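Basically my numbering = 1-based index in the sequence shown + 5. What follows is one structure encoded as structure tokens, with my remarks underneath.
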Amino acid sequence: MTPHHRAPDDQDEPALLRDQFRQLLRYRSLLACGVVVGLLGGGYLALGGEDAYTATGEVLVRSAISDPFAAGSTADKGINIGSERQTAVSDTVGTLAAGTLLKAGDDVTARKLLTGLQVTNPPNTLALRFSYTAATPEQARARAEALAGAYLAHRKARTEESIRNMSDGYRAQLGPLEEKRDLLEDQIGAGAEGDVSSARANIIVSISELSRKISELKALDTTPGYLNKKPVAPTSPTGPGLPLLLGLGGVVGLALGLLLSWVRLVFDPAVRSTRELVHSLGAPLLGTLPRERAAGSLLAIGRGGSRLAEEYRAVAFRLAYDPSFAESRRLLVTAPRGDSTAAAAAAANLAAAFAEMGRDVLLVEADLRTPSLARDLGSAAHGMRPPRWAAGEGDGNWPTGGRTNVDVPGSGAFALIPGATVDNVPRALTSPPVGRIVAEADRPGNVVIVLAPPVLSYADAVALVDRVEGVMIVCDPREVHRSDLERIREIIGASGGSVLGALLHPGRGRLRRARRRAKPARRRGDGGGPAATAGPDAPGSTGDPTETLGLRTFTLPAARR
């Protein structure tokens, strides 16, 4: 196609992100499943779980001090708040609190009691916050208060025990000194020298110092701390409510859906974007057919107000001004795999569009395995005299056995060579009459369009590439694989042809439903068209591309005069 000089946007990060986001939105079912799972999980946590209540008490920790009102005395002397926090959640405190609760009728073990406790330290404070979570408000209050009281009691007992130990140590030092003092006093009474008096005085000073220390220890204020905030019974359950859990569940579910969609996108062999399709096929995108309800006919051109017809016209104009196509005026229309329903519709409508431009068009149905184009065109195809340039003498075999004129309302007409079942498909496709028919495109103003079976299912399209160089691929972007497009490009390039572009259709399912709706209307038509001549047992009417040709005896249709 005609190259467009513009800056490449392969490295345009915003465009790549938008493209990837659009690709993720292709898997809407996974996104919806993720959101539903998240909402169900949030609802279950909000409604299915038991209510929990949390009571909080706050204790101010202080150290033992002799004179709290003296200048320079501080309450945090010798306090390590991290160690105090570990003490508050120790088994010793839990055992004391369990004993207190047992007296109140709450029989709980220390280990089970500590499972609901959380002790925190507000920054830059000497306070410990006791938070207890239980099944009932009163139980949470009682256990939080018991644990805070047990901590204070344990700390007070530990301080008093330290004071007793130090006092006992001082007394142990004081006993020998008193005995030595008494001995020296006896020596002084017996007329001892002055050295004895001096030693006695030193001992008396040491005894006085130890006595002073014992007195100071007895005078210490051993208050371990204060319960600044007494726990109260909570009035409402703790934790997020139903709206918050549903919102969080929806967000988590959406993230899960995006993750699943991304994994599906990574392992999806299908074409994920038009950019990837163009890159894999090595040819531009000619057009994308819109979704349109069936109107009872294969031809969209000729129906007023049809968006599908306008898209076909746009594709035909783009091909008409393409240098590669304008030079040969030959077009091979095929699909990658599956059936040729969409390719047949594209070939017929492009033929009608070129006829509308005033060209003499010959449409050749080269699908000799399941020919159905004449039948699908219905009453539009009839046995009138074909155009002069398409007339020729035939021997009764395909492709010279019969020609049909197809009228397009308001657009003109084009000639059709319908397909017919033959015993040897490759020989028929490579026969000299096919070459002469394709060569009719060399006449000024003539266009030859050839409809071939899927290129990866049969070799029929490859056998025609040497005569019809320009190939158009009609495919569903959700079904065609990147590897298929790369293989098509290699096959056609190796056969001497070139891919002019790709035409995307909305999907085979919609087209099949449209064809099923259109079939009853064609049966009610007159008996003059090919639809009336094809009986229910006519060859090729099964539509099975795997049907073996040698199993039946076929009667070729006679040429119309």
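Every residue, glycine too, gets a C-beta built ideally from N, C-alpha and C. Note that the structure is predicted; figures quoted are calculated from it, not measured.
task = Identify whether Lys223 lies in helix, strand or coil by the three-state DSSP scheme.
result = helix
task = Taking Leu291 and Arg323 to be in contact with their CB atoms under 8 Å, please state how far apart those CB atoms are, rounded to whole angstroms.
result = 6 Å
task = Report yes if the C-beta distance between Tyr175 and Val64 is below 9 Å; otherwise report no.
result = no
Three-state secondary structure (DSSP) of Ser266 = helix
ask   = In terms of residues, what are the limits of the alpha helix (DSSP H) holding Lys234?
value = Looking at the DSSP string, Lys234 is not in any alpha helix (DSSP H); the run it does join, the beta strand (DSSP E), is 230-234.
message = Assuming Asn354 is part of the alpha helix (DSSP H), what are its boundary residues?
response = 346-361
Under 9 Å between C-beta atoms of Val42 and Leu261 = yes
query = For Arg522, does the three-state DSSP call read helix, strand or coil?
reply = Low per-residue confidence applies at Arg522: pLDDT is 48, beneath 50, and the placement is therefore not dependable enough to give any value.
task = Just grab the DSSP bridge partners of Val430 for me.
result = According to DSSP, Val430 bridges with nothing at all.
request  = List the DSSP bridge partners of His486.
outcome  = Ala275
task = Just confirm the distance between the C-beta atoms of Glu474 and Ser333, as a whole number of angstroms; I'd bet it's less than 8 Å.
result = 6 Å
key: Proximity winner among Asp412, Met362, Gly407, relative to Ser384 (alpha-carbon distances)   = Asp412
request  = Tell whether a beta-carbon distance below 9 Å holds between Ser278 and Gln28.
outcome  = yes
ask   = So what does DSSP say about Arg205, is it helix, strand or coil?
value = helix
ask   = Since Lys235 contacts Gly62 with CB under 8 Å, what's their CB separation in whole angstroms?
value = 6 Å
message = I need the boundaries of the alpha helix (DSSP H) containing Ile442, first residue and last residue.
response = 437-443
request  = Go ahead and pull the three-state DSSP assignment for Gly292.
outcome  = strand
message = Do Val430 and Pro404 have their beta-carbon atoms positioned less than 9 Å apart in this structure?
response = no
query = Around the Cβ of Gly407, are there at least 16 other Cβ atoms within 10 angstroms (buried) or fewer (exposed)?
reply = buried
request  = Note the first and the last residue of the continuous alpha helix (DSSP H) segment covering Arg90.
outcome  = 86-93
request  = Quick one: using the 10 Å Cβ neighbour count with 16 as the cut-off for buried, is Gly180 buried or exposed?
outcome  = exposed
task = Could you check which residue in Phe419, Ala358, Ala360 has the C-alpha nearest to that of Ala379?
result = Phe419
message = With the cut-off set at 9 Å, would you say Gly4 and Leu44 are in Cβ contact?
response = Outside the modelled stretch of the chain, which goes from 6 to 566, sits residue 4, for which no answer is possible.
request  = Tell me whether Thr426 is buried or exposed, calling it buried when 16 or more other Cβ atoms sit within 10 Å of its Cβ.
outcome  = buried
request  = Would you give the residue range spanned by the beta strand (DSSP E) that Gly417 belongs to?
outcome  = 417-422
task = Kindly indicate the opening and closing residues of the beta strand (DSSP E) around Asp572.
result = Past the edges of the chain, shown from 6 to 566, lies residue 572, and the structure says nothing about it.
task = Could you tell me the distance, in whole angstroms, from the CA atom of Val268 to the CA atom of Leu107?
result = 56 Å
query = Leu225: which of Leu101, Ser167, Ala433 sits nearest, CA to CA?
reply = Ser167
ask   = If we cut at 9 Å on Cβ distances, does Leu118 have a partner in chain D?
value = Chain labels in this structure do not include chain D; a single protein chain is all it has.
key: Leu313 - DSSP class collapsed to helix/strand/coil   = helix
task = Determine the DSSP secondary structure at Arg134, reduced to helix, strand or coil.
result = strand
key: Residue from Arg492, Pro437, Arg134, Ala305 whose Cα sits closest to the Cα of Arg342   = Arg492
ask   = By how many angstroms is the C-alpha of Asp24 removed from the C-alpha of Ala352?
value = 31 Å
request  = Figure out for me which residue from Lys218, Arg146, Gln144, Leu189 has the closest Cα to the Cα of Ala177.
outcome  = Lys218
ask   = Nearest CA to the CA of Thr105: which residue from Arg67, Leu152, Ser95?
value = Leu152
request  = Report the partner residues of Thr369 according to the DSSP bridge assignment.
outcome  = Note on residue identity: the sequence assigns Val, not Thr, to residue 369. Beta-bridge pairing links Val369 to Ile422, Val455.
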